[in-house]
Structure formats: C-alpha cells, structure tokens
Amino acid sequence: MGKSETIILDEAAISRALTRIAHEILEHNQGTDNVALVGIRTGGDHLALRLQSRLQDIEGVTVPLGTVDITMYRDDLASRGSLPVGKTDIPFPVDGKRIILVDDVLFTGRTIRAAMDALMDIGRPRNIQLAVLVDRGHRELPIRPDFVGRNVPTAASEQVMVRFDDQLRPVEVCLSKP
Numbered sequence: 000m001g002k003s004e005t006i007i008l009d010e011a012a013i014s015r016a017l018t019r020i021a022h023e024i025l026e027h028n029q030g031t032d033n034v035a036l037v038g039i040r041t042g043g044d045h046l047a048l049r050l051q052s053r054l055q056d057i058e059g060v061t062v063p064l065g066t067v068d069i070t071m072y073r074d075d076l077a078s079r080g081s082l083p084v085g086k087t088d089i090p091f092p093v094d095g096k097r098i099i100l101v102d103d104v105l106f107t108g109r110t111i112r113a114a115m116d117a118l119m120d121i122g123r124p125r126n127i128q129l130a131v132l133v134d135r136g137h138r139e140l141p142i143r144p145d146f147v148g149r150n151v152p153t154a155a156s157e158q159v160m161v162r163f164d165d166q167l168r169p170v171e172v173c174l175s176k177p
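Per numbering that gives the first Met the number 0, residue 0 is the first one in the sequence shown, and the count goes up by one each step.
Take a look at the structure:
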C-alpha cells in the first residue's frame, strides 16, 4: 500500500503565514535595527528570501540575508555516509546582530542545533531567534521556535514536506502518512 498525502498549507496559506511571521519579527525586535535573516539550506534559505521581501514591503528596509549549510555540523554525519556539502554564505558580520534563523520544518531540533553551532563558529550574535514555517513536534532537544507559521501535530512516522516551484517559491506543505 502506498503513502497517502494531505496538503496542509496551500500557496495562499503559506503566503499569509510568512506575512504574519514577518510582522511578528518586527514587533518582537521593535523594527529591523541589527536584524539579519539566515536561512538553513535547503528550504529555510528559500523561505528566508521570502521573509526578507516581506520585511522590505512592510518597513521599506532590506535586512541582511545569509544562508548556512549544516552538513558538517550534523550529529549523524557518520551514520549517513557521504552527504553533499553546500555553501554557507553570510555576507555580513554576525557579531552583535539579532539573527533570525529560518527553517521550513522543525522536527527533532537537531538541524537547528547544528545551525546554531555553525553560526557560533562564524561570530557571536546578540541573540538567535528561530522562525519556522511548520512545527511538527517530536523534539529531542530543548529547542522552541519564536515564530511559527503553523503547528501541525504529527506521528513520528509521518513526513512533512514543503514543496517549492521552479522559482523556489513555496507552493504547498504536505503531510505524508506511511
């Protein structure tokens, strides 16, 4: 028997969630001073670009944008064999910045821990805040998002996937059951 799949967010719902997250980031940080976005490859980096655009539309300011690749920071690297290593590109100093770390789906928290380790190797941000499109629960580490598009309770065996179009725009979030 194959997997069954349910669309839990369509393109319009994703757009509304990103707009809400952008407003929450601005409210929490009282504007954009010293705020920078860092997206986790792959998925979070595409969403960070969309958030940067929303913040620009709302405030008229372009916040710095970077991407972080966590491959070499994974705690399961030895068990996963060879993984392609992407590129971390943070074209601004992170020291003293309020870094908004952006990911698509928050699950165990291990990806976020790896991303924080990578950021701390680059510099010392004032703080790190976490924005995720979907929080699906099942944390293995004490990590909690500051900004969430949607909470989706799931079984551990289910998968949550964010699909992007050819222009790397998020078009749907699907829940797949075995």
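Even for Gly, the Cβ is constructed at its ideal location relative to N, Cα and C. Only a predicted model underlies this, so the values are computations on that prediction, with no experimental measurement involved.
- Beyond the five residues adjoining it in sequence on each side, residue 102 comes within less than 6 Å, by CB distance, of 39, 43, 131 in the same chain, given in chain order.
- Assignment of residue 65 by DSSP, reduced to helix, strand and coil, places it in the strand class.
- Between residue 48 and residue 170, the alpha-carbon positions lie close to 14 Å from each other.
- Here residue 115 is buried. Its C-beta has 16 or more other C-beta atoms within 10 Å.
- Under the 10 Å beta carbon count, residue 166 is surrounded by fewer than 16 other beta carbons and is classified as exposed.
- Take residue 24, set aside five residues on each side of it, and the residues of its chain with a beta-carbon closer than 8 Å to its own are 34, 50, 54, 99, 128, 130, 146, in chain order.
- The Cβ-Cβ distance between residue 104 and residue 37 does not fall below 9 Å.
- By the Cβ-count criterion, residue 125 is exposed, with fewer than 16 other Cβ atoms from all chains shown falling within 10 Å of its own Cβ.
- Straight through space, the alpha carbons of residue 67 and residue 136 are spaced by roughly 23 Å.
- Of all alpha-carbon atoms in 149, 122, 176, 52, the one lying nearest the alpha-carbon of residue 156 is that of 176.
- Residue environment: residue 27 is assigned as exposed (fewer than 16 neighbouring CB atoms within 10 Å of its CB, all protein chains considered).
- A direct Cα-Cα distance of roughly 16 Å separates residue 134 from residue 14.
- In the three-state reduction of the DSSP assignment, residue 89 falls in the coil class.
- In this structure, residue 17 lies away from residue 122, with their beta-carbon atoms at least 9 Å apart.
- Residue 113 and residue 69 have their C-alpha atoms some 6 Å from each other.
- In this structure, DSSP gives residue 167 a state outside helix and strand, which the three-state scheme calls coil.
- The beta-carbon distance between residue 92 and residue 65, rounded to whole angstroms, is 11 Å. This is too long to meet the 8 Å contact definition.
- In the three-state reduction of the DSSP assignment, residue 55 falls in the helix class, which pools H, G and I.
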